[in-house]
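Undergrad: Pasting a structure below so you can have a look.
Numbering (my numbering), first residue to last: -18 to 549.
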């Protein structure tokens, strides 16, 4: 047995065989062949196998994620059926070379041509050609390329890193947990894992080198411990532990449709963070009172072009309708940093987290932004919509974003397209400058939602994706608590409400402090909502105010943490 440690990113225990998601090297050499017919038959067999695999993935994606996401695979199937590609490969084989070499040469030649085209849509087909070529080459070379979409048994995914778009494709029925070499607790793959209720450990640095495909794994997402090929005694111990955890979670179900009220009668709203419309069912099943953060960027990812206004409208409308009048905070596009859209061809930046991202990008590329705003406005008639702008640093940015929203509203109304009479417009507070000037913002916004992951990152000037400075992720540091207090106090003076959609909102140590600071709404991963409700129902706000007051006067995160643990 081997013990490996990483960063506990998503709680819970998972057990199963390891599935290594590491792509092999596909090396092709030129060979002379004697029987072209056999070689062409081999090529067609490989193409047909890949077609069948893609069709399975497409069908499953359509069922689980909808037609829009499934359509991505149509482009791949189209490439495999392209007569020009097939004929070119056949001609090369007939000239005396092996199928692998002929396919690679044909693919490289096509890529070179496509990359020089003026048409952006056709240039973007290069990614499809590369992907499909890789899959057919793997078939010809009898090399297995791991594909999370083809998993049909319970496994623990082991990989270097998982992009948010890959994480969202994980099927919780089979992917019981994941372990990565890279990443931190606030990386988006970790956040998505918590939203999906999948145990995860990140930042191990060596998992892909130590774990072998098929090894039996115990993943403890609470402690960050990974047991590779454990003893039967340890397996039995963790089976018992897992069963106890599931009993505790079952017991919390009694709180599903209960209100969240402190002992002294203060009503608190518990909401959930989501990334796709498909997650709304989990939100309702866990009894959250609203959606505090709908991350719209996932609509834009894992595809070759921007989603149309109609696609976005349908997604927003679906979420609003399913929530049946409960509040839904939809954040406008927050792309950049660790979330990139290759098809936008944005220039590389030295510090992408400090660069052209989120509202900055939207204000610069207004066509992209206005399309999303129109989709949101059209959907506003179907539920209780609140629109939130991310990464606001100055009051001018907020005013410009709001102005664009109101311009699109007026245009829609002039064309007779219905828009809700009222909807709230708020901002995400994740930059210290915004927190410090919260008293000015509070006069103009309808609400604040504090994004603690970025607020902590920017306050401590520490990249939250960098495990070398992960010690500076300090949600309990008095500096952070003071910024939060400034925001809450400024909002309440103007009669506005304040939510929190960052990781801190579901943190058992932070919750008493936030109750004491007067936070109105807590939005967190779906799997945390009932635990948070249970905790808040046992707290007295008047006592938590005193707790928070003392914490604000302390020197360090460590002091605050020990103080809260001793008092609660």
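Even glycine gets a Cβ: it sits at the ideal position worked out from N, Cα and C. All figures in this text were calculated on a predicted structure; none of them were measured in a lab.
#1: Quick check on residue 395: buried or exposed, where buried means 16 or more other Cβ atoms within 10 Å of its Cβ?
#2: Give the single residue among 491, 21, 327, 259 whose Cα lies nearest to the Cα of residue 303.
#3: What beta strand (DSSP E) runs, 3 residues minimum, are completely inside the stretch 388 to 451?
#4: In whole angstroms, give me the CA-to-CA distance for residue 464 and residue 493.
#5: Look at the alpha carbon of residue 246 and the alpha carbon of residue 524, and state the distance between them as a whole number of angstroms.
#6: Which class does residue 502 belong to by DSSP, given the choice of helix, strand or coil?
#7: Per DSSP, what are the beta-bridge partners of residue 201 in this structure?
#8: Within the continuous beta strand (DSSP E) that includes residue 186, where are the two ends?
#9: At what residues does the alpha helix (DSSP H) containing residue 276 begin and finish?
#10: Could you say which of 427, 2, 279, 505 lies nearest to residue 270 if we only look at CA atoms?
#11: Out of 434, 456, 457, 440, point me to the one whose CA is closest to residue 446's CA.
#12: May I ask you to report which of helix, strand or coil DSSP gives residue 195?
#13: Do residue 357 and residue 297 have their C-beta atoms within less than 8 Å of each other?
#14: Measure the CB-CB distance between residue 92 and residue 111 and report whether it falls below 8 Å.
#15: Roughly how many whole angstroms lie between the Cα atoms of residue 352 and residue 287?
#16: Using 10 angstroms around the beta-carbon of residue 262, count the other beta-carbons present and answer buried if the total reaches 16, otherwise exposed.
#17: Could you pull the start and end residues of the alpha helix (DSSP H) that residue 526 belongs to?
#18: Below 8 Å on the Cβ atoms is my contact criterion, and I expect residue 552 with residue -10 to pass it. Report the Cβ-Cβ distance as a whole number of Å.
#19: Which one or two residues does DSSP pair with residue 312 in a beta bridge?
#20: Would you mind stating whether residue 516 and residue 489 have Cβ atoms separated by less than 8 Å?
#21: Between the Cα of residue 496 and the Cα atoms of 530, 474, 477, 508, which residue gives the shortest distance?
#22: Could you tell me which residues DSSP pairs with residue 160 in its beta bridges?
#23: On the three-state DSSP scale, how would you describe residue 253?
#24: Rounded to whole angstroms, how far is the Cβ of residue 315 from the Cβ of residue 284, which I believe are closer than 8 Å?
#25: Compare the C-alpha of residue 164 against each of 136, 156, 183 and name the closest.
#26: Three-state secondary structure (DSSP) at residue 124?
#27: Are the stretch 182 to 201 and the stretch 127 to 139 touching, with three or more C-beta to C-beta distances below 8 Å?
#28: Look up residue 481 in the DSSP assignment and give the residues it is bridged to.
#29: Would you identify the three-state DSSP class for residue 155, choosing helix, strand or coil?
#30: Does DSSP classify residue 472 as helix, strand or coil?
#31: Just checking my contact of residue -5 with residue 127 at CB under 8 Å: how many whole Å lie between their CB atoms?
#32: Per DSSP, residue 317 is paired with what?
#33: Please classify residue 456 as buried or exposed, where buried requires at least 16 other C-beta atoms within 10 Å of its C-beta.
#34: Is it true that the stretch 467 to 481 meets the stretch 416 to 425, where meeting means three or more beta-carbon pairs spaced less than 8 Å apart?
#35: Nearest by alpha-carbon distance to residue -3: which of 312, 350, 216 is it?
#36: Look at the alpha carbon of residue 190 and the alpha carbon of residue 412, and state the distance between them as a whole number of angstroms.
TA: So, from the data block:
#1: Here residue 395 is exposed: its Cβ has fewer than 16 other Cβ atoms, across all protein chains shown, within 10 Å.
#2: Among 491, 21, 327, 259, the Cα nearest to that of residue 303 is on 259.
#3: 405 to 410, 428 to 431, all fully within the stretch 388 to 451.
#4: Roughly 17 Å separates the two Cα atoms.
#5: Distance from the CA of residue 246 to the CA of residue 524, rounded to the nearest whole angstrom, comes to 13 Å.
#6: DSSP places residue 502 in strand when its eight states are reduced to three.
#7: Under DSSP, the beta-bridge partners assigned to residue 201 are -6, 206.
#8: Run containing residue 186: none; DSSP gives neither H nor E here.
#9: Run containing residue 276: none in the alpha helix (DSSP H); it sits in the beta strand (DSSP E), 272 to 276.
#10: When each option's Cα is compared against that of residue 270, the closest is 505.
#11: Out of 434, 456, 457, 440, 434 has the C-alpha closest to the C-alpha of residue 446.
#12: Of the three classes helix, strand and coil, the one that applies to residue 195 here is coil, per DSSP.
#13: Closer than 8 Å, so yes.
#14: The answer is yes: Cβ separation under 8 Å.
#15: Near 10 Å, if we compare the C-alpha coordinates of residue 287 and residue 352.
#16: Counting the other CB atoms within 10 Å of its CB gives residue 262 a total below 16, which places it among the exposed residues.
#17: Taken as a continuous stretch (DSSP letters only), the alpha helix (DSSP H) holding residue 526 covers 522 to 533.
#18: A query on residue 552 cannot be resolved here, the shown segment of the chain reaching from -18 to 549 and no further.
#19: Answer is 276, 369.
#20: Their beta carbons are under 8 Å apart, which means residue 516 touches residue 489 by this criterion.
#21: Selected option, being the one with the closest Cα: 530.
#22: Paired residue(s): 139, 182.
#23: Residue 253: strand per DSSP, three-state reduction.
#24: Contact flag wrong, Cβ pair sits at about 17 Å.
#25: In terms of CA proximity to residue 164, 183 leads the group 136, 156, 183.
#26: Coil at residue 124, not helix or strand.
#27: Segments in contact, yes.
#28: Answer is 431, 503, bridged to residue 481.
#29: Note: residue 155 maps to coil in three-state DSSP.
#30: It is helical.
#31: Under the criterion of beta carbons closer than 8 Å, residue -5 and residue 127 do not qualify as touching, at roughly 18 Å.
#32: 320, per the DSSP bridge assignment.
#33: Burial call: buried.
#34: Judged by Cβ distances under 8 Å, the stretch 467 to 481 makes contact with the stretch 416 to 425, as three or more pairs qualify.
#35: The shortest Cα separation from residue -3 among 312, 350, 216 belongs to 216.
#36: Roughly 38 Å between the two C-alpha positions.
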